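Peer 1: Sharing a structure, written as structure tokens. Questions coming.
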Amino acid sequence: MRSVLLLSLIVLAQMEAGETVTFALDPARPLPKSPGFHEVAYQVTVGKRSFRMPVGVFLPLAYFQAKEPMPVVMILHNYGEKGNGGGDGLKFEGLQMLLARNLVVDPRFANSKKSKITDPRKEIQFVGLVPQCPGDMGWESDPMNRVVPALVDEIARGLKVDPDRAFLTGFSYGGSSTWALALASPDRWAAIIPVSGRRPDPAPAAAEKLKHLPIFIGYGTNDADWAIEGSKTMAAALKTAGCKQIDVTVIPDGDHWSYMYMWGDPAFWTKVLACRRAKPTAAK
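Count the sequence shown with my numbering and you get residues 2 to 285, in order.
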């Protein structure tokens with residue numbers, strides 16, 4: 002009975018082709034019960050496909066003090082961190098690195114008031130999730146564009162998180178994939194945060210599908226050309242489509258890796274975490 006509970010197989014979503022996404026938690030890597038950055042692992046099955054998926058889980062001190070379920074931020078890693086070995090692949094760069102280590106900003110902003118070093122366990126007000134994409138798959142394609150949204154509900158069964166305050170973010174390939182995953186599951190997220198990513202194409206059609214979402218876009222003035230163009234184009238397309246909450250952070254002198262300036266700003270997270278998933282509009 003105990004092994005059944007530890008390996009409880011939970012059906013989360015019925016797929017169009019009769020497939021389901023199921024998660025079996027590895028009993029050797031259970032869900033954490035202490036603050037900090039931890040690694041768990043799931044055996045994920047989608048139809049006839051089955052694969053191991055390590056997941057980084059960050060719990061702040063506030064999690065253990067909160068009376069209500071906390072927001073959860075899903076973090077998509079970059080292309081080079083694909084695999085199934087976990088470890089550094091879950092915390093190499095991006096927001097996950099800030100959660101796993103000290104929360105810092107780009108050293109070029111050392112004179113900025115935002116350059117303080119803080120302990121994320123004390124400062125952060127959300128649960129962080131970092132799934133690892135298998136090497137032969139992509140965030141933007143099937144089945145991962147279904148697995149990631151389903152992971153929110155799976156985690157909500159075991160941790161005190163609010164599925165209506167689930168946020169999606171990533172930078173570079175993770176930023177591009179944030180757009181793609183949001184398009185695949187536009188009603189799953191309370192807000193999305195694509196940082197230095199390629200835009201979806203065509204932008205007007207993507208903006209029309211995402212215009213109900215609060216969207217926080219970030220890039221640096223010295224970023225890759227495609228990241229700057231993509232961010233500007235999507236911001237303009239969303240405005241034209243009637244998106245009511247578009248927040249664009251332009252990092253002065255920031256290059257492709259200056260995300261720390263944005264993610265390390267407590268005021269930024271205050272704005273993001275105030276968002277909540279909109280109720281689906283009833284079909285007419």
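Ideal Cβ positions, reconstructed from N, Cα and C, are used throughout, including at glycine.
For clarity, every value in this text was computed on a predicted model and none was experimentally measured.
(1) Let's see if you can read the secondary structure: which residues bound the alpha helix (DSSP H) around residue 147?
(2) Could you tell me the distance, in whole angstroms, from the CA atom of residue 209 to the CA atom of residue 243?
(3) Taking 8 Å as the cut-off, decide whether the C-beta atoms of residue 150 and residue 186 are in contact.
(4) Helix, strand or coil: how does DSSP classify residue 268 here?
(5) Three-state secondary structure (DSSP) at residue 171?
(6) Does DSSP put residue 94 in a helix, a strand or coil?
(7) Near residue 200, what residues of its chain come up, given a Cβ to Cβ distance below 6 Å and the 5 sequence neighbours on each side ignored?
(8) According to DSSP, is residue 217 part of a helix, a strand, or is it coil?
(9) Within 10 angstroms of its Cβ, does residue 259 collect 16 or more other Cβ (buried), or is it exposed?
(10) At which residues does the alpha helix (DSSP H) containing residue 235 begin and terminate?
(11) To the nearest angstrom, how far is it from the Cα of residue 69 to the Cα of residue 263?
(12) Should residue 170 go down as buried or exposed, given a rule of 16 or more other Cβ atoms within 10 Å for buried?
Peer 2: By the coordinates alone:
(1) 145–159
(2) 8 Å
(3) yes
(4) helix
(5) strand
(6) coil
(7) 231, 234, 235
(8) strand
(9) buried
(10) 226–242
(11) 27 Å
(12) buried
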